[in-house]
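Beneath this line is the structure, given in structure tokens, with notes to follow.
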Ligand code: MN
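Residue numbers (my numbering): 10 to 317.
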């Protein structure tokens with residue numbers, strides 16, 4: 010797949026994925042932990058970056074979902090590839106900076122790293138939350154063209170904080186979808202990856218949509234996939250996801266990631282991009298080409314394959 014890749018088009022979609030992720034996080038955070046009915050009563054349809062919510066955010070402010078991606082992504086750029094210890098170091102530095110929000114499983118995992126420098130959480134039946142899988146994007150961007158690296162890095166980055174088969178499966182499936190979408194595969198290629206996930210872990214089945222958008226990775230992914238495959242724009246996809254409430258910052262982020270990778274950065278509503286936290290927007294615009302450069306450099310260094 011690497012030969013003949015249009016890297017300018019990949020970058021346009023990668024920027025769409027990362028900025029779509031951030032605006033989805035910022036939009037969803039306003040209605041995190043609210044029910045569908047509470048959102049409808051408060052906003053009708055919630056569709057503007059207005060801040061507030063339980064975290065009392067500024068309009069356009071993102072949460073831990075985007076901040077963890079940026080920390081992980083910077084460690085990959087700085088190291089020229091994924092390294093579990095470097096990633097753990099970056100995420101613990103973020104944790105110690107007193108972020109606005111921290112998922113409890115992430116906090117526990119990063120405290121474990123601080124205590125004993127171990128980079129792999131022990132298997133835990135309680136680790137089926139979505140907060141490891143949500144960090145997939147930087148790993149996917151740095152491994153474009155190398156599905157084996159994606160699989161290794163995705164599992165390793167999840168295991169920094171979570172060790173559960175559903176978390177692992179979701180992270181890998183999201184990464185594979187991003188890879189397929191960055192090279193223009195669209196809904197059809199993403200659907201093949203969703204089907205592959207459901208074949209391996211049938212709990213992720215999302216048709217008919219079970220209607221729950223909680224923090225468990227199964228519910229989060231069902232909501233994201235339901236919103237993504239039913240809509241044909243970034244705006245409609247993200248709005249549908251976040252108006253399901255509950256884990257809305259994370260569902261919004263992942264819906265924005267998939268739709269942004271599908272339709273490209275120019276498809277993100279200007280009213281959202283214009284409100285997004287300026288420092289976050291700049292960090293993403295810097296990190297996306299740097300992560301893709303990591304992928305390209307690694308591919309260029311790979312030994313040539315024998316002609317068929
Ligand atoms: Mn969050």
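For every residue, glycine included, the Cβ atom is placed at its ideal position computed from N, Cα and C.
{"Query": "According to DSSP, residues forming a beta bridge with residue 61", "Result": "66"}
{"Query": "Buried or exposed (CB count within 10 angstroms, at least 16 for buried), residue 304", "Result": "buried"}
{"Query": "Environment of the ligand MN in chain order, Cβ to heavy atom below 7 Å", "Result": "34, 38, 41, 72, 73, 74, 110, 258, 259"}
{"Query": "Buried or exposed by the 16-neighbour rule on C-beta atoms within 10 Å, applied to residue 54", "Result": "exposed"}
{"Query": "Sub-8 Å separation of residue 382 and residue 36 beta-carbons", "Result": "Only positions 10 to 317 of the chain appear in the structure, and residue 382 is not among them; the question remains open."}
{"Query": "Residue 165 beta carbon less than 8 Å from that of residue 91", "Result": "yes"}
{"Query": "Residue nearest to residue 42 in terms of C-alpha spacing, selected from 237, 222, 289", "Result": "222"}
{"Query": "From 32, 184, 20, 86, residue whose alpha carbon lies closest to that of residue 287", "Result": "32"}
{"Query": "Inter-residue Cα distance where the pair is residue 38 and residue 301", "Result": "28 Å"}
{"Query": "Buried versus exposed, by CB contacts within 10 Å (16 or more), residue 204", "Result": "exposed"}
{"Query": "Beta-ladder partner(s) of residue 138, from DSSP", "Result": "225"}
{"Query": "Length-filtered (4 minimum) alpha helix (DSSP H) runs lying within the region 132-205", "Result": "145-150, 156-168, 174-191"}
{"Query": "Given 8 Å, three or more beta-carbon pairs between the region 112-131 and the region 205-215", "Result": "no"}
{"Query": "Exposure label - residue 306; buried when at least 16 CB within 10 Å", "Result": "exposed"}
{"Query": "Three-pair Cβ contact test at 8 Å for the region 159-175 versus the region 84-99", "Result": "yes"}
{"Query": "Other residues of its chain near residue 274: CB distance less than 7 Å, five sequence neighbours each side excluded", "Result": "21, 24, 25, 28"}
{"Query": "Where residue 43 sits in the DSSP three-state scheme", "Result": "coil"}
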